[in-house]
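A.B. asks: Here the sequence shown stands for residues 5 to 526, numbered as in my numbering.
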Amino acid sequence: MNNPYNWKTHSPSIIVPRVNATNELVVRLARGEGCVLLGATGAGKSVLVRSIHKELNSHPDKKSYLITAPPTSRTTRSFITKIQKLLELEESDCDLVDTLSEHINKNKETYSSTIIIDGFERFLGSGKDEDLYFATGILDTLESAAREFTPKLSILVSGGLNFFLLRSTLGSPFLSRAAFVELPPLSENEINALSLPLVQSRPIEAGSTDALLLLSGGNSSLAVYGLQNLWEKESISVKDVELEYLRFRDRHADFFQAFTRPLNTGHTSSGAIRVWRSLLKYAPTIERTKLTDELAFESNNQTPDLNETLRLLKAAGLIRVSGSLYSNPLSVTPVSSIITLTAIEQSIAPDIRTQALRDTLKIIQHIHSISSDFYRGSETAKNRQLVPEAVFSAVIVVALRQMGWTAEREALGGAGRTDIKATHQRFAGDCVIEVKIWPRNDYKQIHDQAVGYQTSTTRASLVLMIGDTLDDQWADTYKSKCLEDRVSQNGELSSLGISHFVVESRDALPVDHLLLQMAKRK
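(1) Buried or exposed: which applies to residue 204, given that a residue is buried once 16 or more other Cβ atoms fall within 10 Å of its Cβ?
(2) Go through its chain and collect everything with a Cβ distance to residue 605's Cβ below 7 Å, but skip five positions before and after it.
(3) Give the range of the beta strand (DSSP E) segment to which residue 434 is assigned.
(4) With a threshold of 6 Å on Cβ separation, who are the neighbours of residue 61 within its own chain once the five nearest residues in sequence on each side are excluded?
(5) Threshold first: 3 residues or longer. Then list the beta strand (DSSP E) segments lying entirely within the segment 269-355, N to C.
(6) How about the segment 367-381 and the segment 240-251: do they share at least three Cβ pairs that are nearer than 8 Å?
(7) With hydrogens ignored, establish whether the beta-carbon of residue 367 is closer than 8 Å to any heavy atom of the ligand ZN.
(8) Verify whether the separation of the beta carbon atoms of residue 512 and residue 458 is less than 9 Å.
(9) How is residue 118 classed by DSSP in three states: helix, strand or coil?
(10) Under the DSSP definition of a beta bridge, which residues are partnered with residue 1?
(11) Give me the residue from 449, 446, 430, 454 with the minimum Cα distance to residue 436.
(12) Enumerate in chain order the residues of its own chain whose CB-to-CB distance from residue 159 is below 6 Å, with the five nearest sequence positions on each side excluded.
(13) Looking at the unbroken alpha helix (DSSP H) that takes in residue 34, where does it start and where does it end?
(14) Out of curiosity, what's the CA-to-CA distance linking residue 83 and residue 371?
(15) Given this structure, state the Cα-to-Cα distance separating residue 276 from residue 265, to the nearest angstrom.
(16) What does a CB cutoff of less than 7 Å around residue 501 pick up in its chain, not counting 5 residues either side in sequence?
(17) Flag residue 522 as yes if its beta-carbon sits less than 9 Å from any beta-carbon of chain D, otherwise no.
(18) Taking the straight line between their C-alpha atoms, what separation do you get for residue 74 and residue 81?
(19) Quick one: complete alpha helix (DSSP H) runs, 4+ long, within the segment 475-510?
(20) Just confirm the distance between the C-beta atoms of residue 334 and residue 293, as a whole number of angstroms; I'd bet it's less than 8 Å.
(21) Given that a residue counts as buried once 16 or more other Cβ atoms are within 10 Å of its Cβ, and exposed if not, what is residue 318?
(22) Closer than 8 Å by C-beta to residue 192: which residues in its own chain qualify, once you throw out the five before and the five after it? Chain order, please.
(23) In this structure, does DSSP put residue 267 in helix, strand or coil?
(24) Could you have a look at residue 423 and say whether DSSP puts it in helix, strand or coil?
(25) Starting from residue 541, follow its DSSP beta bridges and name the residues at the other end.
(26) If we ignore side chains and look at the alpha-carbon of each, how far apart do residue 467 and residue 389 end up?
(27) What's the C-alpha gap between residue 240 and residue 449?
(28) Would you report the Cα separation of residue 66 and residue 116, rounded to the nearest angstrom?
(29) Which residue or residues does DSSP assign as beta-bridge partners of residue 412?
(30) Can you tell me the Cβ-Cβ gap for residue 45 and residue 123, rounded? I've got them flagged as a contact below 8 Å.
(31) Are there 16 or more other CB atoms within 10 angstroms of the CB of residue 428, so buried, or fewer, so exposed?
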């Protein structure tokens, strides 16, 4: 079987139905409404738009016209000529409203029409004022015609986060009235459906699709990228998934730039990025004042609206919001992905042990803030299970690599293969990290295992124990069962959901034990 995945095509052979967005758009378009399909770079907007275009044209009483690029000359006259050709009308000097009127009157007894513009950001050109006025002029003229001929004419425009820029800077009657339909990241079930041909065709390690979801963040293009490259392997492991996404960052830096650029333009300036970083620190609940304080630093003295900023981050596929945007405190969860991992700030430390501790703490604080993404299975909380240890290790390795470390999993150590071995360009030697989920496998021997993996080049030794327990005294239980009261000191890195113990001995390096209590399941 040929590789069914192609992350660069808008007409894939495997399409996962985006039921909620599709149903809402089809209903609204049937009523003659103007609609905006909003989503991040790579969210799958173009695929969905083409699916709706095909669906509408399958009905004898409906007709859809798809526009995928602006005219070469960014003028209203050129756009009208493009529309006249698309609608199979004779080229004339009529304005856009008259052109659409001619089309509607000619076909009103036969069918209703939908004009779809895909990738509207291309209409914005370089973002100069004349480009912005051209783009909004097109939208507003289409909206004017659609209002006159409702429900015989409807408009669907798809695009990215630049709609926020247009709405806040120039304003637009179309954008003020249009129904905004967000295309969220792919869910666990949708990722499983998308992965099915791969899973059914070769051996695959448990947790591999979990790692795919956590590192792609459910972004359609990122997910298909991983599947396309994994298809070439005879068997799939979690490590294979990890390596593909590490390569993606190196090979496709432009994708990252395209993804985050709208967060740094127009009225949002750097405010959206700062709000996002605050959410990464304080999620899943955060006081609104902490976020409004971040927005108050805008240098142009025009403080962006917090709710608009949260909508921007949600549309970017970077956060999920539970409940109302107006509630206080807010219930917001960052979405796990390789893009989110880039937001974890690097530390500066005097030695490799301190560097490893500080950076690992930041990573597990991040994992704590997105705890819900690490559960799989039934939607009922009591039946949901944490992903395998290998998936946690994969996420940690990717994060370490993006923080300046050279890290690998299952590297050969003193007594076998350690979970993670990492080196840092600023220091000699290496750090070994052992990852376990409480109380799986041989968790009671975790300290001795960590000591056993130390070699002559090891300069730091860490244990990360991940807990999915409601026991408030779990840290004390861990000390008693796993460390047998050998704790030399309580570490300085303890924080919300995290405990730190240090065990020292004469014949081995100190071992830092970090205990991560995952946030309570929802």
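Quick reminder that beta carbons are idealized off the backbone N, C-alpha and C, glycines included.
C.D. replies: Once the coordinates are examined:
(1) exposed
(2) Residue 605 is absent from the model: the chain starts at 5 and stops at 526.
(3) Per DSSP, residue 434 belongs to the beta strand (DSSP E) from 434-442.
(4) 68
(5) The segment 269-355 contains these whole beta strand (DSSP E) runs: 323-326, 334-338.
(6) no
(7) The ligand ZN is absent from the structure shown, which contains no ligand whatsoever.
(8) yes
(9) Looking at residue 118 - three-state DSSP - the assignment turns out to be strand.
(10) Nothing about residue 1 can be reported from this structure: the residues present for the chain run from 5 to 526 only.
(11) 454
(12) 38, 119, 146, 150
(13) Boundaries of the alpha helix (DSSP H) harbouring residue 34: 23-34, taken from the DSSP string.
(14) Cα-Cα distance, rounded: 48 Å.
(15) Rounded to the nearest angstrom, the two C-alpha atoms are 11 Å apart.
(16) Cβ neighbours of residue 501 beyond the five flanking positions: 372, 520, 521, 523.
(17) Reference to chain D is not applicable here, since this structure consists of a single protein chain.
(18) 12 Å
(19) 478-482
(20) About 11 Å; that fails the 8 Å criterion.
(21) Buried, because 16 or more other Cβ atoms sit within 10 Å of the Cβ of residue 318.
(22) Closer than 8 Å at the Cβ level, and outside the excluded window around residue 192, lie 217, 380.
(23) helix
(24) Strand at residue 423.
(25) The structure shown does not extend to residue 541, since the chain spans only 5 to 526, so no value can be given for it.
(26) Rounded to the nearest angstrom, the two C-alpha atoms are 21 Å apart.
(27) Distance from the CA of residue 240 to the CA of residue 449, rounded to the nearest whole angstrom, comes to 29 Å.
(28) Looking at the two C-alpha atoms, the distance is approximately 5 Å.
(29) 425
(30) With a Cβ gap of about 11 Å, residue 45 and residue 123 do not count as contacting.
(31) Buried, because 16 or more other Cβ atoms sit within 10 Å of the Cβ of residue 428.
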